[in-house]
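Residues 5 to 261, numbered by our numbering, are exactly what the sequence shown covers, in order.
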Amino acid sequence: MRRALVAGNWKMHGSSASVARLLGELLQGLNSDAAQSDADIVVCPSHPHLAQAATLCADSAIAVGGQDCSAHAEGAYTGEVAPDMLSDLGCQWVIVGHSERRQYHGESDAVVAAKLAASHSAGLHTMLCVGETRAQREAGQAEEVVRHQLATALENRAVLDRLVIAYEPVWAIGTGLTATPQQAQAMHAFIRGLLREWSLDADGTRVLYGGSVKAGNAAELFAEPDIDGALVGGASLEAKQFLAIIAAAAQRAQAAN
Ligand code: PGA
């Protein structure tokens, strides 16, 4: 059984005061419900808040991750953050290939693959985001797009170690439109099929769903056999919502035991 994982992508939100408040509420909520230890939990604040978050989450059930990293280990890359710098701040995780990076920062599949290789070399656990746009889905290209994104990123087979894949259909991110559990399950099964086709660890690799996940739809998504957790944006900024999503993931794990 793959261990459930719920990750919060806080995007460009927060201040030191709100980070302290949100993490305080999350840690308190988790302490009062031991059953939630059945799910791995990661929060990804923006870079300026990582050190603060890592300190607040030290020795807790919450791991901290960056939202992006450079493809380079160091050098003259103004504004970039090297994967080693994330580890140095106390991060164990990083997201690469988020659709907002692909869309607003022109990150190609090749750039995402280079970032994944760099984060892997630095020893980080990586969440690799893949997913099609609405136009691509309507044109019947969703599987082809996801196949290309994954094939490029996983060309270097070593990166599968410590990798989690997040399927995030672009049309469902921040729009309130969630893929139906059946739509998400179909793509997750397709992704697992690709891993199998490429002789990679299809059964052991976690595949998260992301795109308007909230307390109200988490349980039905997690009931699908190939959905191992969620990468949550908006709802991860509210402790009550995020804790409810974690509880739904933990319940799935308990139901399977
Ligand atoms: P959302 O974002 O939950 O706000 O749709 C998900 C994400 O971008 O990872």
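Every residue, glycine too, gets a C-beta built ideally from N, C-alpha and C.
So who's on the other strand from residue i, going by DSSP bridges?
i, result
"Asp44", "Leu9"
"His129", "Trp97"
"Val134", "Tyr171"
Less than 7 angstroms separating the Cβ of residue i from some heavy atom of the ligand PGA?
i, result
"Glu242", "no"
"His102", "yes"
"Gly215", "yes"
"Val236", "yes"
"Asn13", "yes"
"Ala239", "yes"
"Glu111", "no"
"Glu172", "yes"
"Gly292", "Within the shown structure, residues of the chain are numbered from 5 to 261, placing residue 292 beyond reach of any answer."
Taking residue i as part of the alpha helix (DSSP H), name the residues at either end of that continuous run.
i, result
"Tyr108", "Ser103 to Tyr108"
"Gln187", "Pro185 to Glu201"
"His250", "Note on identity: in this sequence residue 250 is Ile, with His being the wrong assignment. Note, Ile250: alpha helix (DSSP H), Ala243 to Ala260."
"Asp88", "Pro87 to Asp92"
"Leu150", "For the sequence presented, residue 150 should be read as Val rather than Leu. Counting along the chain, the alpha helix (DSSP H) containing Val150 begins and ends at Ala146 to Ala157."
"Glu29", "Ser20 to Asn35"
"Asn221", "Ala219 to Phe226"
"Cys61", "Leu54 to Cys61"
List the endpoints of the continuous beta strand (DSSP E) containing residue i.
i, result
"Gly69", "Ile66 to Gly70"
"Val236", "Gly233 to Val236"
"Gly214", "Val211 to Gly214"
"Ile169", "Leu167 to Tyr171"
Between the C-alpha atoms of residue i and residue j, what's the straight-line distance to the nearest angstrom?
i, j, result
"Gln186", "Glu228", "8 angstroms"
"Phe246", "Ile195", "26 angstroms"
"Leu235", "Met131", "9 angstroms"
"Gly237", "Ala75", "24 angstroms"
"Ser2", "Thr59", "The requested residue 2 does not occur in the structure, where the chain is confined to residues 5 to 261."
"Gly69", "Ala80", "23 angstroms"
"Tyr213", "Tyr171", "5 angstroms"
"His109", "Val174", "15 angstroms"
"Val150", "Ala260", "29 angstroms"
"Ala239", "Arg200", "33 angstroms"
"Leu285", "Ala146", "Residue 285 falls outside the range modelled here, since the chain spans only 5 to 261, and no answer is possible."
"Ser50", "Ser203", "35 angstroms"
"Ile231", "Glu224", "10 angstroms"
"Ala118", "Asn221", "34 angstroms"
"Met191", "Asp63", "35 angstroms"
"Gln40", "Val116", "32 angstroms"
"Lys244", "Gly33", "8 angstroms"
"Leu30", "Ala21", "14 angstroms"
"Ser107", "Arg7", "First, the residue type needs correcting, since residue 107 is Gln and not Ser in the sequence shown. One C-alpha to the other measures close to 31 angstroms."
"His129", "Gln96", "6 angstroms"
Can you find a CB in chain C that lies within less than 8 angstroms of the CB of residue i?
i, result
"Ala43", "The chain inventory of the structure shown lacks chain C, comprising one protein chain alone."
Say the cut is 7 angstroms; is the CB of residue i nearer than that to a heavy atom of the ligand SAH?
i, result
"Ala67", "Annotation note on the ligand SAH: not contained in the displayed structure, which lists the ligand PGA as its ligands."
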